[in-house]
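*Asks:*
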Amino acid sequence: MKIGILGTGNVGRALAVGWAGAGHDVVLGSRRSDDTDLRAELAAALGEGIPVVDPSSAVMGAEVVVNATPGTASVPLLAEIGAPALAGKVLLDVAVGFTEDGALSHPGESLGEEIQRTFPDTKVVKTLCTVDARLMGAPDSLEGPSTIFLSGDDAEAKRAVGGLLNELGWPAESLLDLGGITTARGQEHYSLLFLGIAGAIGSYGFGIRVVPPTRG
Numbered sequence: 081m082k083i084g085i086l087g088t089g090n091v092g093r094a095l096a097v098g099w100a101g102a103g104h105d106v107v108l109g110s111r112r113s114d115d116t117d118l119r120a121e122l123a124a125a126l127g128e129g130i131p132v133v134d135p136s137s138a139v140m141g142a143e144v145v146v147n148a149t150p151g152t153a154s155v156p157l158l159a160e161i162g163a164p165a166l167a168g169k170v171l172l173d174v175a176v177g178f179t180e181d182g183a184l185s186h187p188g189e190s191l192g193e194e195i196q197r198t199f200p201d202t203k204v205v206k207t208l209c210t211v212d213a214r215l216m217g218a219p220d221s222l223e224g225p226s227t228i229f230l231s232g233d234d235a236e237a238k239r240a241v242g243g244l245l246n247e248l249g250w251p252a253e254s255l256l257d258l259g260g261i262t263t264a265r266g267q268e269h270y271s272l273l274f275l276g277i278a279g280a281i282g283s284y285g286f287g288i289r290v291v292p293p294t295r296g
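For the record, in the sequence shown the residue sitting at position 127 is 207 according to this note's numbering, with numbers rising by one throughout.
1. Are the region 153-166 and the region 89-106 touching by the rule of at least three beta carbon pairs closer than 8 Å?
2. Spatial neighbours of Ser271 within its chain, please: C-beta separation below 6 Å, excluding the five flanking residues on both sides.
3. Grab the span of the alpha helix (DSSP H) containing Val106 for me, first residue to last.
4. Is Arg239 buried or exposed, if buried means 16 or more other CB atoms sit within 10 Å of its CB?
5. Can you tell me the Cα-Cα spacing of Thr207 and Gly89, whole angstroms?
6. Here's the rule I'm using: 16 or more other beta-carbon atoms within 10 Å means buried, otherwise exposed. How should Leu230 be labelled?
7. Just verifying my parser: in three-state terms, what is the DSSP assignment at Thr207?
8. Provide the residue span of the beta strand (DSSP E) that contains Ser283, from first to last.
9. Measure from the alpha carbon of Pro219 to the alpha carbon of each residue in Pro293, Gly285 and Leu108, then state which is nearest.
10. For Leu85, write down the residues that DSSP places opposite it in a beta bridge.
11. If we ignore side chains and look at the alpha-carbon of each, how far apart do Thr210 and Glu223 end up?
12. Check for me: the alpha helix (DSSP H) holding Ile161 runs from which residue to which?
13. When the Cα atoms are used, what is the spatial distance from Pro135 to Arg119?
14. Pairing CB atoms from the region 233-251 with CB atoms from the region 181-189, are three or more of them under 8 Å?
15. According to DSSP, Gly229 sits in a beta bridge with which residue or residues?
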C-alpha cells in the first residue's frame, strides 16, 4: 500500500518507520522538501528508503493519506493540495490543534470534523491522537494493554485504518470504534487530560485502557 504522510515531525517519522517496516511504500510530504538540511536529517533518522517530497506529490497515488501536521496548519495545507486530489482517499487524521495559549483550537467540535466537512469526498478517520508519538509504533513498550480509538463516518475506511494499526502492533482487541466523525471531539479533547496526566507522572509514555465492568 502507498501511504503519504503529511508532516515530518515526531509523529510523521514514527508512523513512517512503522509502516515502512511493515512493507508499505511510504513517502513523507513537507513544504521544506527541497531543504537539504531536512533531507539529511531525515535520512540520518529514518534511512534512505523513505523519501521526502512536496505535500501534493506525497498525496498523489497514495491510497492512504496521513495528516501528521500541526493541527492549526492542517486545513490550510490540505486546501493547498486541493479537494480533487484528496477525493476518494482515506485520510488518517492524527493531529490536534492548540492555540498559542495552550487551549484547543476546536473547543466546540474537532479538527477531524472540520476536515471531513471541508473535504466531503475524503474518508476521514481520526485515531492515534491519544498517545505520544513514541508509542504510536511501539505499543509493546507499555506495561499492559492500552486502548486506541477510531472515529469516522466510513466503515470501510475504518477497517482499513484498523489494519494499519494492527501492523503498528496494536491488536484488534485494543481498538475501539467510537462511531462517526463527531466522536473525534472526545479524542481531541482528551488531549487536555493527557497533558495533565503527563505533568502529574512526569512522562508522556503512557496509554489508557477502557475497562468494562465485572459481569455479575
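Beta carbons: idealized from backbone N, C-alpha and C, even for Gly.
*Replies:* Taking the coordinates as given:
1. They do not touch, by the three-pair rule.
2. As a first step, residue 271 must be located in the sequence shown, where it is residue number 191. Same-chain partners within the cutoff: Val176.
3. Numbered from 1 along the sequence shown, position 26 holds the residue referred to as residue 106. In the DSSP annotation of this structure, Val106 is not part of any alpha helix (DSSP H); the continuous beta strand (DSSP E) holding it starts and ends at Asp105 to Gly109.
4. Within the sequence shown, numbered from 1, the residue matching residue 239 stands at position 159. Exposed, since its Cβ has fewer than 16 Cβ neighbours within 10 Å.
5. Translated into positions along the sequence shown, residue 207 becomes position 127. Translated into positions along the sequence shown, residue 89 becomes position 9. Taking the straight line joining both Cα atoms gives about 17 Å.
6. The residue given as residue 230 occupies position 150 in the sequence shown. Result: buried.
7. Reading the sequence shown from its first residue, position 127 is the one you call residue 207. In this structure, Thr207 counts as strand in the three-state DSSP scheme.
8. Position 203 of the sequence shown holds residue 283. Taken as a continuous stretch (DSSP letters only), Ser283 belongs to no beta strand (DSSP E), as it is neither H nor E.
9. Within the sequence shown, numbered from 1, the residue matching residue 219 stands at position 139. Closest in C-alpha terms to Pro219, from the list Pro293, Gly285 and Leu108, comes Gly285.
10. Residue 85 sits at position 5 when you count from the first residue of the sequence shown. The sequence given here has Ile at residue 85, not Leu. Paired residue(s): Leu108 and Val146.
11. As a working mapping, residue 210 is identified with position 130 in the sequence shown. As a working mapping, residue 223 is identified with position 143 in the sequence shown. When rounded, the distance between both Cα atoms is 17 Å.
12. What you label residue 161 is simply residue 81 of the sequence shown in a count that begins at 1. Residue range Gly151 to Ile161 is occupied by the alpha helix (DSSP H) that includes Ile161.
13. Mapped onto the sequence shown, residue 135 falls at position 55. Mapped onto the sequence shown, residue 119 falls at position 39. Going from the Cα of Pro135 to the Cα of Arg119 covers about 15 Å.
14. A contact between stretches requires three or more CB pairs, one per stretch, nearer than 8 Å, and the region 233-251 fails this requirement with the region 181-189.
15. Position 149 of the sequence shown, counted from the first residue, corresponds to residue 229. This sequence places Phe at residue 229; Gly is not what is there. DSSP lists Leu256 as partners of Phe229.
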